[in-house]
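Asker: Handing you this structure, nothing more for now.
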Amino acid sequence: MVKRRNGRQEAIKEIVRGKSVRTQHALVDELQQLGYNCTQATVSRDIADMGLRKLSEGIYVLAEDLHLQRMVSEFVTSIDRAENLVVVRTQPGTAPGVAAAVDAASLSEVLGSVAGNDTVLVVCRDIDAAMVVVDLIDKLHASRK
């Protein structure tokens, strides 16, 4: 049972990072598509256990991604991908902070990052991982107020 809960919570983490989920019901639907038979009450407990928060736009975000969301929405100006590398352009002088937020988020797709003055190079495990990172940063960037 614990293994099942941990697996479900890992799936929730991937879903929330990969998609714009607004309701617990939508999260239940996503989990059921992945083969997890769970109820809204179970998902509600998982949300509380994991410390998920909702952005002002109504999208769920992981607690550890909140700092990343703030940094991305405030300082990122563009995102590009080349194979497994993600290039994040920022406002001058803010790249080290954005890189630190990427590292602190402990994204499983990210091997590490290097920051200059206004550019962060994020090295991902492979092309698919880089696409996940770009999608996440785009999602967080879109939450800009």
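When we follow the UniProt record's numbering, the leftmost residue of the sequence shown carries the number 1, and every step to the right adds one. Even for Gly, the Cβ is constructed at its ideal location relative to N, Cα and C.
Please report the straight-line C-alpha distance between V76 and G51, rounded to a whole angstrom.
Answerer: Position 76 of the sequence shown, counted from the start, is the residue given in the question as residue 76. Position 51 of the sequence shown, counted from the start, is the residue given in the question as residue 51. One C-alpha to the other measures close to 25 angstroms.
Asker: Tell me the rounded alpha-carbon separation between V110 and N37.
Answerer: Taking the first residue of the sequence shown as 1, we reach residue 110 at position 110. Taking the first residue of the sequence shown as 1, we reach residue 37 at position 37. Going by the C-alpha atoms only, they are around 30 angstroms apart.
Asker: Strictly by DSSP, which residues pair up with L85?
Answerer: In the sequence shown, counting from the first residue as 1, residue 85 sits at position 85. Per DSSP, A82 and V123.
Asker: Is it true that the segment 29-45 meets the segment 63-74, where meeting means three or more beta-carbon pairs spaced less than 8 angstroms apart?
Answerer: no
Asker: Helix, strand or coil for G18? Go by DSSP, reduced to three states.
Answerer: As a first step, residue 18 is located in the sequence shown; it is residue number 18 there, counting from the start. Here G18 sits in helix by DSSP.
Asker: Bridge partners of R4, per DSSP?
Answerer: Locating residue 4 in the sequence shown gives position 4, where the first residue counts as 1. Answer is none; R4 lacks a bridge partner.
Asker: Rounded to whole angstroms, how far is the Cβ of V61 from the Cβ of V16, which I believe are closer than 8 angstroms?
Answerer: Here the question's residue 61 lines up with position 61 in the sequence shown. Here the question's residue 16 lines up with position 16 in the sequence shown. Between V61 and V16, the beta carbon gap of about 7 angstroms places them in contact (Cβ cut-off 8 angstroms).
Asker: Around the C-beta of A11, are 16 or more other C-beta atoms found within 10 angstroms, so that it is buried, or is it exposed?
Answerer: As a working mapping, residue 11 is identified with position 11 in the sequence shown. Buried.
Asker: Give a yes or no on whether the C-beta atoms belonging to V132 and L121 are separated by under 7 angstroms.
Answerer: Start at 1 with the first residue of the sequence shown, and residue 132 comes out as number 132. Start at 1 with the first residue of the sequence shown, and residue 121 comes out as number 121. The answer is no: Cβ separation not under 7 angstroms.
Asker: Using only alpha-carbon positions, find the residue among V98, R53 and V123 that is nearest to N117.
Answerer: Mapped onto the sequence shown, residue 117 falls at position 117. It is V98.
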